[in-house]
Amino acid sequence: MCGIFGIENHPDAAHLTYLSLFALQHRGQESAGIASVLNGQINSHTGMGITSDVFSDKRIEKLCGTSAIGHVRYSTTGSSHIKNAQPLVSKTRHGALALGHNGNLTNASEIRKNLETKGAIFHSSTDSEAILHLLAHSTGDFDEALPEALKKVEGAYSLVILTGDQMIACRDPHGFRPLVLGKLGNSYVVSSETTALSLVKASYIREIDPGEILFIRQGNLKSVKIPTRPISARCVFELVYFARPDSVVFGKGVQAVRQALGRALAREMKEVKADLVMAVPDSGAPAALGFSRESEIPFEVGLVRSHYISRTFIRPSQALREIAVDLKLSPVSEALKGKRVVLIDDSIVRGTTSRKIARSLREAGAREIHMGITSPPIVSACYYGIDTPKSEALIANQRKLEEIRDFVGVDSLHYLSLEAMLEAAGGSGFCDACFTKNYPTKTPAEVSISQKVGL
Ligand code: SF4
Numbered sequence: 012m013c014g015i016f017g018i019e020n021h022p023d024a025a026h027l028t029y030l031s032l033f034a035l036q037h038r039g040q041e042s043a044g045i046a047s048v049l050n051g052q053i054n055s056h057t058g059m060g061i062t063s064d065v066f067s068d069k070r071i072e073k074l075c076g077t078s079a080i081g082h083v084r085y086s087t088t089g090s091s092h093i094k095n096a097q098p099l100v101s102k103t104r105h106g107a108l109a110l111g112h113n114g115n116l117t118n119a120s121e122i123r124k125n126l127e128t129k130g131a132i133f134h135s136s137t138d139s140e141a142i143l144h145l146l147a148h149s150t151g152d153f154d155e156a157l158p159e160a161l162k163k164v165e166g167a168y169s170l171v172i173l174t175g176d177q178m179i180a181c182r183d184p185h186g187f188r189p190l191v192l193g194k195l196g197n198s199y200v201v202s203s204e205t206t207a208l209s210l211v212k213a214s215y216i217r218e219i220d221p222g223e224i225l226f227i228r229q230g231n232l233k234s235v236k237i238p239t240r241p242i243s244a245r246c247v248f249e250l251v252y253f254a255r256p257d258s259v260v261f262g263k264g265v266q267a268v269r270q271a272l273g274r275a276l277a278r279e280m281k282e283v284k285a286d287l288v289m290a291v292p293d294s295g296a297p298a299a300l301g302f303s304r305e306s307e308i309p310f311e312v313g314l315v316r317s318h319y320i321s322r323t324f325i326r327p328s329q330a331l332r333e334i335a336v337d338l339k340l341s342p343v344s345e346a347l348k349g350k351r352v353v354l355i356d357d358s359i360v361r362g363t364t365s366r367k368i369a370r371s372l373r374e375a376g377a378r379e380i381h382m383g384i385t386s387p388p389i390v391s392a393c394y395y396g397i398d399t400p401k402s403e404a405l406i407a408n409q410r411k412l413e414e415i416r417d418f419v420g421v422d423s424l425h426y427l428s429l430e431a432m433l434e435a436a437g438g439s440g441f442c443d444a445c446f447t448k449n450y451p452t453k454t455p456a457e458v459s460i461s462q463k464v465g466l
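In my numbering, the protein residues as written are 12 to 466.
Below you can see the structure in the form of structure tokens.
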């Protein structure tokens with residue numbers, strides 16, 4: 012998962028991009044980067060770590076020009092390595108280009124193999140670089156070449172691209188990942204989430220439509236459609252877990268959706284008797300509030316989260332991930348002692364984090380723990396840019412409900428139904444493949460097989 016931002020036609024383009032990356036930091040902490048353009052030349056800086064680690068005032072000052080794009084990365088394809096940090100910058104027959112990508116392409120390996128046989132040399136292991144190579148190999152001027160190139164890629168992509176004389180924002184025909192358009196004075200701004208627009212005081216105009224390419228040149232817009240049929244498959248997990256609650260995603264306030272998820276869960280958990288409702292912070296908090304209002308069970312803060320542990324730290328191994336849970340979440344014994352607790356979280360992936368949390372609540376004195384999850388069991392991997400593990404590592408793919416309950420160590424475990432989740436998120440047009448295995452595109456394995464047999 013990643014966060015992208017771009018601003019065109021503004022004297023403080025790089026500074027505003029830098030600030031926006033703080034608002035999008037929850038979307039990726041492995042690397043950060045900014046590219047700006049001055050007199051047709053692209054300058055860029057990327058580095059490993061969070062935005063504040065990567066940029067100093069001096070670095071920002073060097074990124075001159077009136078247009079800039081930025082990227083924060085959490086790797087889902089390609090390793091966590093500086094050569095995969097974005098924006099990717101390349102010299103093509105269209106001149107210098109910088110590209111920031113959020114999402115995963117499902118046919119990137121096939122594109123790569125095909126282009127490599129034609130002599131292309133890839134410099135990173137990301138799927139995003141395939142788009143740059145397709146552009147380099149396309150015919151016509153840039154505005155014609157981009158829709159043609161994008162017609163060949165499949166999967167999830169929200170993109171922001173900087174050329175010598177314009178900025179481009181586009182979203183795949185399924186609209187998997189969010190991308191919004193805003194305005195700041197005479198400048199257009201694009202961002203993964205509206206929270207970054209609010210931060211730089213830009214007003215929200217609209218979403219970039221699924222399948223739309225928006226060319227932005229000196230404050231003017233030109234909208235073009237990718238020549239394929241858009242079939243809506245917005246990632247429902249953005250609303251359940253990933254986006255910030257102060258954002259509007261897919262036209263919906265994230266906080267309001269999470270409260271609605273909590274209310275729906277409370278209706279489905281009517282039989283549970285408890286003294287308090289609490290959240291696994293931070294994403295569970297609005298849902299716990301919704302649950303509390305619906306059930307009239309008081310809301311309490313039972314866990315405190317430390318914000319000073321970066322995700323890069325917890326990635327390397329299961330052992331370190333488990334220690335990191337202790338560092339990250341600390342129970343409030345006074346609130347928990349002797350209490351029957353409803354514990355709200357957005358999802359269970361491997362189950363190990365939930366198990367550690369349940370154990371720490373018991374050690375802090377909780378008498379009963381009834382766990383409520385505001386999504387159905389995750390049974391399958393995501394191929395569209397969210398870092399879920401392979402299906403074999405997903406606990407709900409391996410164990411029955413009672414077995415998961417016993418593994419986690421809670422008195423009862425309740426998942427929100429698929430219907431209730433989709434209704435709270437706003438109805439239809441969503442991807443729910445990690446819960447249902449109904450993938451809206453060919454999976455990478457299916458693409459690979461169909462290519463091998465020449466389909
Ligand atoms: S598979 Fe799941 S996480 Fe991935 S895009 Fe679909 S709903 Fe989102």
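Think of the CB as a built atom: it goes at the ideal place given N, C-alpha and C, for glycine as much as any other residue.
Taking 8 Å as the cut-off, the Cβ atoms of L405 and I384 do not count as close. Under the three-pair Cβ rule at 8 Å, the stretch 114-124 counts as touching the stretch 132-147.
Just measuring C-alpha positions, the residue of A147, D68, G273 and L170 sitting nearest P98 is L170. By alpha-carbon distance to K448, the top candidate from L190, V259 and Y394 is Y394. Between D337 and L161, the alpha-carbon positions lie close to 44 Å from each other. Burial state of V419 is buried, judged by a 10 Å Cβ sphere holding 16 or more other Cβ atoms. Sequence-distant Cβ neighbours of E457 in its own chain, meaning closer than 7 Å and more than five residues away, do not exist here.
As far as DSSP is concerned, Y319 takes part in no beta bridge.
Residue range A296 to S306 is occupied by the alpha helix (DSSP H) that includes F302. Apart from the 5 residues on each side of it in sequence, T454 sits with its Cβ closer than 7 Å to the Cβ of T117 and Y394 in its chain, given in chain order. Around the beta-carbon of P400, fewer than 16 other beta-carbon atoms lie within 10 Å, marking it exposed. Here the distance from the Cβ of V360 to the nearest heavy atom of the ligand SF4 is not below 7 Å.
Listed in chain order, the beta strand (DSSP E) runs fully inside the stretch 45-73 are 52-59, counting runs of at least 3 residues.
Chain-ordered, the residues whose CB falls short of 6 Å from any heavy atom of the ligand SF4 come out as F187, C246, V247, F248, C393, Y395, I397, C442, D443, A444 and C445.
Sixteen is the threshold: when 16 or more other Cβ atoms of the shown chains lie within 10 Å of the Cβ of Q266, as they do, the residue is buried.
Between T103 and L146, the C-beta gap is smaller than 8 Å, which places the two residues in contact. Beta-bridge pairing by DSSP links F226 to I179 and K233.
In the DSSP assignment, H425 is bridged to G383. In the three-state reduction of the DSSP assignment, C445 falls in the helix class, which pools H, G and I. Contact annotation: F16 and S202 have beta-carbon atoms nearer than 8 Å. Put simply, the backbone Cα of L372 is about 49 Å away from that of K73. Between P221 and the set H185, I227 and N197, the nearest pair of CA atoms involves H185. At least 8 Å separates the beta-carbon of G106 from that of T28.
Annotation: the continuous beta strand (DSSP E) that includes F16 extends over C13 to E19. The residues G17, E19, S78 and I227, in chain order, have a CB closer than 6 Å to that of M178 in the same chain once the five nearest residues on each side in sequence are set aside. As far as DSSP is concerned, M432 takes part in no beta bridge. Residue pairing by DSSP puts G166 in a beta bridge opposite L116. According to DSSP, residue pairing for H82 in a beta bridge involves I15 and G44. Membership of I355 in the beta strand (DSSP E) is indicated by the continuous run R351 to D356. The DSSP-derived three-state label of I172 is strand. Counted as a single uninterrupted DSSP element, the alpha helix (DSSP H) harbouring V268 occupies residues V265 to E279.
Contact between the stretch 260-276 and the stretch 223-241 is absent: fewer than 3 CB-CB pairs across the two stretches fall below 8 Å. Taking 8 Å as the upper bound for CB-CB distance, L347 and A377 are in contact here, some 5 Å apart.
Residues of the same chain with a CB within less than 7 Å of the CB of G295, apart from the 5 flanking positions on each side, are I355, D356 and D357 in chain order. In the DSSP assignment, E282 falls outside any beta strand (DSSP E), carrying neither H nor E. Here the stretch 244-254 lies against the stretch 435-450, with 3 or more beta-carbon pairs under 8 Å apart.
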